[in-house]
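Those letters in the sequence shown? Residues 1406 to 1801, per the working numbering, in order. Shown next, in structure tokens, is the structure this report addresses.
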Amino acid sequence: MIREGNRLTLLENGEAYFPALVAALDSARIEAHVETYLFRADASGMAVVRSLMRAARRGVVARLLMDGFGSRGLSAVLLAELRTAGVEVLFFRPELGALRIRRSRLRRMHRKLAVVDARVAFVGGINLIDDLNGRNLAAPRLDYAVQVEGPLVADIHAAARRLWLQVGWSRLGLRRGEDAWLKPVIQPAGAQRAELCMRDALHHRHSIESAYLEAIQHARQEIFLANAYFLPGLRFRRALVEAARRGVRVVLIMQGQTDHPLFRAATRALYRHFLENGIEIFEYHASELHAKVAVVDGYWATVGSSNIDPFSLRLAREANVMVHDREFAQHLMASLETAQSRGAHRVHRMVWRRISWPVRLGSWLAYGLVRVLMGLARFAPEPSASTDSRDPFAPL
């Protein structure tokens, strides 16, 4: 549902995100909740957990929910320190054994959000990890988040509460009821319109993809999309091509550097069809592209955790903010155009036509392999919290 009366602040990279998040946590009076997929005990990750510990010590209800796979950077010592300080810590489907190979292991909590005192929230693609923490990164990875104040915070707060309770219900020691959570007071904070879109395995299976498709299908001038892992299905590809055919400028910014070569090869299998239909493709080489954002017609925009691939759109829990505001969209557009001009190389149609057939074949094999693997995982049963939400550091 679109909420009126919000104030939205675009945060580019951890350089802007972490100071804003830590400042909000340090101002918390009653409740602070943080969710992340990846955690690393580097300067940025520790700044956030230290602020949660400070909040807990002054009597704030402080909660940290991490994905069980992505939280492997959290040591048992740091976990004990958090809990001693009073921070409640839960893990979404922790990895209980590297040798337990099950299709359902791909069903992860990939969203990144935070809510403080039910008055300010953060949603985006930025994990609790330094911008330069990666493989040979010479420059900060490109990523975004949005700080939210106003009525939309109530929806983000409700989503955070719902998942926390779902995970916590399986833990005898953490059955705190709904009364333990604040009741948001909905007050306007600005004039911007936005909505929260989530993906889960129950009521919101296709919400994020549907929001993208609606925006693309109604585009009249320009679609500008930057996505770290881009492997869309047939409907999404058709929507982009049809937009280009009716005269809409379609620009895709893809990974130039990646820690997942198989995914990049699979994405490149789609290049020729896109290029032949007038879609512009750029590969970002200045650093790692981790953004999951888009701007349509300078008015509609999205910032969040969801990639356009089978993992995000069919398996993981994701959260995006869909913004209906010209000022915000143009701010994001300006940032993307700067990144494009300074760090992206255009993929030219005539050059791509000359790519050798073994390379093309390899790309299509990678594409088929990724789609098949994700397709198999899609039909795996959703594990219950009672069997997959245990503390990874507790006795088995």
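Quick reminder that beta carbons are idealized off the backbone N, C-alpha and C, glycines included. Bear in mind the structure is a predicted one, so any value in this text is a computation, not a measurement.
Cβ neighbours of A1559 in the same chain (closer than 6 Å, five flanking residues each side left out): Answer for A1559: P1589 and I1591, listed in chain order.
Selected residue, minimal CA-CA separation from A1544, among M1727, H1690, H1750 and H1729: Of the candidates M1727, H1690, H1750 and H1729, the one whose C-alpha sits nearest the C-alpha of A1544 is H1690.
Residues that I1686 bridges to, as DSSP identifies them: Answer is L1657 and V1752, bridged to I1686.
Sheet register partners of V1520 (DSSP bridge): Bridge partners of V1520: H1438 and A1526.
A1425 - containing alpha helix (DSSP H), residue span: Run containing A1425: N1418 to D1431, per the alpha helix (DSSP H) assignment.
Residues bridged to G1709 [DSSP beta-bridge criterion]: BP columns for G1709 point to N1725.
As assigned by DSSP and simplified to three states, the class of G1475: The DSSP-derived three-state label of G1475 is helix.
Opposing strand residues paired with M1514 [DSSP bridges]: Its beta-bridge partners are R1722.
With 16 other Cβ atoms within 10 Å as the buried cut-off, status of L1413: By the neighbour-count definition (other C-beta atoms within 10 Å, threshold 16), L1413 is a buried residue.
Cβ-Cβ distance between F1444 and G1473 below 7 Å: At the C-beta level, F1444 and G1473 stay beyond 7 Å of one another.
Residue from F1687, G1475, A1460 and R1468 whose Cα sits closest to the Cα of A1446: Comparing Cα-Cα distances from A1446 to each of F1687, G1475, A1460 and R1468, the minimum goes to G1475.
Cα-Cα separation, V1655 to Q1735: Between V1655 and Q1735, the C-alpha separation is close to 16 Å.
Outcome for L1504 when other beta-carbon atoms lying within 10 angstroms are tallied against a minimum of 16: The predicted model places L1504 with a pLDDT of 47, which falls under 50 and marks its position as unreliable; any figure quoted below should be read in that light. Its Cβ having fewer than 16 others within 10 Å, L1504 is exposed.
Three-pair Cβ contact test at 8 Å for the stretch 1650-1667 versus the stretch 1679-1686: Of all C-beta pairs linking the stretch 1650-1667 to the stretch 1679-1686, three or more are shorter than 8 Å, placing the two stretches in contact.
P1499 classed as buried or exposed, judged by whether at least 16 other C-beta atoms fall within 10 angstroms: With 16 or more other Cβ atoms within 10 Å, it is buried.
Separation of A1631 from G1652, as counted between CA atoms: Approximately 20 Å between the Cα atoms of the pair.
Residue span of the alpha helix (DSSP H) that contains F1641, given as start and end: First-last of the alpha helix (DSSP H) with F1641: L1639 to R1650.
F1679 - containing alpha helix (DSSP H), residue span: For F1679, the enclosing alpha helix (DSSP H) starts and ends at Y1676 to E1681.
Under the three-state DSSP convention, the category L1577 falls into: Low local confidence applies: a pLDDT of 46 at L1577 is under 50, so the model's placement there is unreliable, and no value is given.
Touch test, the stretch 1705-1720 against the stretch 1766-1780, Cβ-Cβ under 8 Å, three pairs minimum: Output reads yes: the stretch 1766-1780 touches the stretch 1705-1720.
Helix, strand or coil at Y1617 according to DSSP, with G and I counted as helix: Three-state result, Y1617: helix.
Any beta strand (DSSP E) of 3 or more consecutive residues that is wholly inside the stretch 1450-1499: With a minimum length of 3 residues, the continuous beta strand (DSSP E) runs that stay inside the stretch 1450-1499 are 1466-1472 and 1493-1497.
Bridge partners - R1598, DSSP secondary structure assignment: Beta bridge pairing from DSSP links R1598 with H1729.
Where the beta strand (DSSP E) containing L1630 begins and where it ends: Unbroken beta strand (DSSP E) run through L1630: E1627 to N1632.
First and last residue of the uninterrupted beta strand (DSSP E) at A1550: Residues Y1549 to E1554.
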